[in-house]
Every structure is written in C-alpha cells, then in structure tokens.
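Numbering (the working numbering), first residue to last: 22 to 231.
Below is one structure, written out as structure tokens; comments come after it.
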C-alpha cells in the first residue's frame, strides 16, 4: 500500500508518502501473520489454510487490480528525464571549472545538476529557518557557524540568490555581510541575481541582464 501510494499519486510533495511505508509494511505483515495463525488453528490443515490465504490475496489483487497495475507500471516503466537545461545553468557551467563550487541557497537545486557543479557545504539549499532549528546535538548558532565555515573554507565561484534579502536571517553569524564584502553582482536573471567571487572579477563591467 505504501509503495503504491508513493508511486502512483501525482500531487505535490509526494515524497512524504514514503514516510508511511514502514507503518504500512508492519501493519500488513502483522495482519498476514494473524490470518495465517488463526486459519491454521481453525482449519487444522496447512493445505486448507494456505488455500484460503491464497484466495484472500487473489481477491485483493482482483478488487485492487487498477491500483496494483498502475503501481507496477509506474515502478517498471522507463521514464527518460526530458527537462530543458536552464540558461543560467549553462552560463555557470561555461564560466567555471569542473572542481569549482557554487552555492544556490534558494530552492533552485536543479542548477547544481544541470551545471555539474557541487555545493561547498552540506547545506545545499536553505529552507529559511527550518534548517537551523536547534537539536540535541547542535544549536541554531552552531549550525549557522558551520555553514559560514564551509563557505569560507571552499569559497564558491558563484552564488545565486532569488532576492537581495534572501540571507538576512543569517545575520547573527554575519553571512550576508561576508557575501557583500567578497562577492559582486555578475548578472541579473529573470528569477534572481548571480553573484561572482570578487577576486575573480577582472575589471569593472556593468552587470548584464539575462
């Protein structure tokens, strides 16, 4: 049930359905064990109980045939990924080296894949405050400092921001100020701003609009 739910539904955030799979599997296994035990106890025959159990399984497949077939087809059918490469991804790939890093704190994670460039930090993107909620192992400030250390240790060539104030909630550890001091506007795109490491900028040119 969980496997089908995770694969045949087409709503947003379908990955959340995967979280219920363990519960579905344990419930199904417990139910199967309960049926097998009681059928064997009532029928006093392994053959008879196995036949009844098989009949129940077949009946489920018959009644849920549409869902079962849809789930099976979704799991076995090859679906090539036909997603057009975004211009900004091409621009970044053409203006960086293979071992260069970029940082895209917005939700545009496809830029990493399409450009073939990695993030300098485990914080590949930021979901605003949610990624910095305190836990038993780390406080919010410790997580923010960890991010800043990653950025300073392996400084990305490009940083892509959706809006100018996107990093403001990281002010407690000075990340916005660090970005302002070390990066300059390279180009403006229809969905954000591309900043480039200032030490790599040759001369001063007006940022182009892509």
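All residues carry an ideal CB built from backbone N, CA and C; glycine is no exception.
Whether residue i touches residue j by CB criterion (8 angstroms)
i           : j           : result
residue 177 : residue 122 : yes
residue 213 : residue 179 : no
residue 169 : residue 199 : yes
Three-state class that DSSP yields for residue i in the structure shown
i           : result
residue 129 : coil
residue 214 : strand
residue 117 : coil
Contact set for residue i: own chain, Cβ-Cβ below 7 angstroms, skip 5 residues either direction
i           : result
residue 225 : In this predicted model, residue 225 has a pLDDT of only 40, less than 50, meaning its place in the structure is not dependable; the value taken from the coordinates is given anyway. Cβ neighbours of residue 225 beyond the five flanking positions: none.
residue 217 : 178, 179, 204, 205, 207
residue 187 : 126, 127
residue 219 : 203, 204, 205
residue 40  : none
residue 191 : 165, 197
residue 158 : none
Min CB distance residue i to chain C below 8 angstroms
i           : result
residue 158 : Here chain C cannot be found, since the structure has a single protein chain.
Cβ shell of residue i (< 8 angstroms), same chain only, five flanking positions each side left out
i           : result
residue 73  : 60, 64
residue 171 : 141, 142, 143, 144
residue 228 : Here the model assigns residue 228 a pLDDT of 43, short of 50, so the residue's position is not dependable and the matter cannot be decided.
residue 152 : 144, 164
residue 195 : 169
Beta-carbon separation (whole angstroms), residue i vs residue j, contact threshold 8 angstroms
i           : j           : result
residue 165 : residue 197 : No, residue 165 and residue 197 are not in contact; Cβ-Cβ is about 11 angstroms, not under 8 angstroms.
residue 114 : residue 137 : 6 angstroms
residue 110 : residue 132 : 5 angstroms
residue 246 : residue 135 : It is not possible to answer for residue 246, since the shown part of the chain is limited to 22 through 231.
Cβ neighbours of residue i in the same chain (closer than 6 angstroms, five flanking residues each side left out)
i           : result
residue 155 : 161
residue 230 : Because the pLDDT of residue 230 is 45, which lies under 50, any placement of that residue in the model is unreliable, and the question is left without a value.
residue 130 : 146
residue 222 : 205
residue 139 : 122
Beta strand (DSSP E) segments (min. 3 residues) lying fully within the segment 136 to 189: Within the segment 136 to 189, the complete beta strand (DSSP E) runs of at least 3 residues fall at 179 to 182.
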